[in-house]
Amino acid sequence: MDKQLSERIDDYLAEHRQEIIDTLFALARIPSVQGEPREGKPYGEAVADVLDKALELCKQQGLETENIDYYCGSARYGSAEKELGFVAHLDVVPAGDGWSGDPFEPFLRDGYAVGRGVRDNKNGAVCGLFAIRCIKDLAIPLRHALRLIFGCSEETGMDDLPHYLEKHAAPSFSIVPDTSFPVCYGEKGIYTADLLLPVGREVFAFKGGIASNVVPDKAQVRIFAGERTVDVESEHVHAERQGHELLISADGVTAHASQPQNSVSAIYELAAALCRAPEICSEKTLHAMKFMRDMLSDNFGEHLGIAMSDEPSGKLTCICGLAELEGGAIRMNLNIRYPVTCDGEEITKNLRHTAMQYGVALTHVRDDKPNFLPRDLPAVGMLTDIYNEVTGRSKQPYVMGGGTYARHLPNAVAFGPDDPDEALPCPPGHGSCHEPDECQSIAGLMQAAKIYVHALIELDKVID
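For the sequence shown, my numbering begins at -4 and goes up steadily by one.
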């Protein structure tokens, strides 16, 4: 790494530190949760607004911008035919409860930005913009053009990037800044499906979760109890009598679907509570609650009959992110992350077997296959070396359970911007992606921007 160039990059980023923070806050103030489609705006008004803002900020810096039908946007620097890509997303999951402030009015606390999206993934978008600006403003010569792509539906199915690729060729190589450093060279398969659990007419409402890919921290059931005295209270469960009905609420500890090990599912707690009160449940409802309780009693699909693992990526993980009463049955949405060398067809086969055994229906199966590049790919080693040189660490590339845009692009890896050793200044269930009080270290943000500048410069030398 050229010492003199590195110092110039350091000076540039330090000079623009406050602008980097202001840009992150400008994007994070827009509540870009997918909403009802509008004409020409497939993901709703708020997502369209954040894309407009991002493209405005890029255009102000002299980048060539394009809005691809509000599915994606892009900003380009350079005139070369071949491109290096930097692909981030601007949509966010719903805020949920438990925040210490307004989730869409970001603020600084103890060196951290706090707000929905500051960590997932508007930090990546901001790093990409300022990495490209640094290269542009310092007039660092490159053989490739640089393309910053803003996705708008990463959290809700990733149908945005295929739309982009219908109209543009993919970059020769792409960085996806939507995970931890160093290089993630493989992503588990993402498999979702619904199980339909019939319940009795005494259940008036059942609802839990805010998104498929989030362990739910809230769930409620409204059920007829008559005059019976029922004790379902526990550490996570509370009940309120409303005439002849009981409103039973469960709290949990949220986490991303790819890392559920330390979470507590509110849906599981609610099902377990109803199993402790068989006197108010019909046989049909009790059967459904026992199924839900048993199937969610582990995070690895063991009780569903789908447990599997491999050496690169470890165990399959499984959560129920959403559950809701619909037409006499509870729709129980499963979000499964399966190992990179395994097959989603085996999951379907085993889920159907389990569903038939228990008399429930399996529907809405979706299998997003794993993404897996060779660990010895030169770009993987080079990016890992850049990270280790900048940070003074000796980390190795890895495989993860999360899913990023890398799985929809040829020659792409997820790379940062999160610090793999960071201990967030938050209680359990707070601070990280998809959690309340989501936060981003400003020092980490600045370091990530530096790593990305060097990454783009070095990739330019080795990518044809």
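All C-beta atoms in this analysis are idealised placements derived from N, C-alpha and C, irrespective of residue type, glycine included.
Item: Cβ neighbours of V45 in the same chain (closer than 7 Å, five flanking residues each side left out); Value: L22, I25, S27, L85
Item: Cβ pair count under 8 Å reaching 3, the segment 100 to 120 against the segment 185 to 201; Value: no
Item: Run of the beta strand (DSSP E) containing G68, from where it starts to where it stops; Value: 67 to 72
Item: Which listed residue (Y7, F168, Y65) has its alpha carbon closest to that of G35; Value: Y65
Item: Coil, strand or helix - A134 by DSSP; Value: coil
Item: Identified DSSP bridge partners for Q435; Value: A108
Item: Complete alpha helix (DSSP H) runs within the segment 267 to 330 (minimum length 4 residues, chain order); Value: 278 to 290
Item: Span of the alpha helix (DSSP H) around Y382; Value: 373 to 386
Item: Candidates I437, L191, L451, V225: closest to F20 by CA position; Value: I437
Item: Close Cβ partners of S229 (< 6 Å) along its chain, the five nearest in sequence each way excluded; Value: none
Item: Through-space distance from D413 to E404, alpha-carbon basis; Value: One detail in the question is off: residue 404 reads as Leu in this sequence, not Glu. When rounded, the distance between both Cα atoms is 21 Å.
Item: Own chain, CB closer than 7 Å to A268, minus 5 neighbours either side, in chain order; Value: V227, S229, V232, I243, A245
Item: Stretch pair the segment 445 to 453 + the segment 125 to 140: three plus CB contacts closer than 8 Å; Value: yes
Item: Helix, strand or coil at M(-4) according to DSSP, with G and I counted as helix; Value: coil
Item: Residues sharing a beta bridge with M351, DSSP; Value: Note: M351 sits in no beta bridge, so no partner.
Item: Reduced DSSP secondary structure (H/G/I, E/B, other) of I4; Value: helix
Item: N- and C-terminal bounds of the beta strand (DSSP E) containing D44; Value: Taken as a continuous stretch (DSSP letters only), D44 belongs to no beta strand (DSSP E), being part of the alpha helix (DSSP H) at 40 to 55.
Item: Opening and closing residue of the alpha helix (DSSP H) in which E34 lies; Value: Looking at the DSSP string, E34 is not in any alpha helix (DSSP H), and its letter there is neither H nor E.
Item: Residue from S427, C67, H429, V375 whose Cα sits closest to the Cα of L454; Value: V375
Item: Cβ-based neighbour list, R138, same chain, cut-off 7 Å, excluding 5 preceding and 5 following; Value: A75, D455
Item: Paired residues, beta bridge with D362 - DSSP; Value: Y186
Item: Rounded C-alpha distance that separates R111 from N208; Value: 16 Å
Item: Status (buried if at least 16 other CB within 10 Å, exposed otherwise) for M351; Value: exposed
Item: Close Cβ partners of I130 (< 8 Å) along its chain, the five nearest in sequence each way excluded; Value: Y72, L137, L141, V448, L451, I452
Item: Residues near G397 by beta carbon distance below 7 Å, same chain, minus five either side; Value: T174, E182, H251, S253
Item: Integer Cβ distance of F410 from A318, believed to fall under 8 Å; Value: The Cβ separation is near 35 Å, so there is no contact.
Item: E433 classed as buried or exposed, judged by whether at least 16 other C-beta atoms fall within 10 angstroms; Value: buried
Item: Cβ-Cβ separation, A206 to V88 (assumed contact under 8 Å), whole Å; Value: 5 Å
Item: In DSSP terms, what F201 is bridged to; Value: V216
Item: For E59, the first and last residue of its enclosing beta strand (DSSP E); Value: 59 to 63
Item: Buried/exposed call for L8, threshold 16 Cβ in 10 Å; Value: buried
Item: Rounded separation between R3 and D17 - CA only; Value: 22 Å
Item: C-alpha gap between F219 and M287, whole angstroms; Value: 20 Å
Item: Through-space distance from F145 to L52, alpha-carbon basis; Value: 12 Å
Item: Span of the beta strand (DSSP E), counted from its first residue to its last, around H84; Value: 78 to 84
Item: Beta-carbon proximity check, G39 vs Q29, cutoff 8 Å; Value: yes
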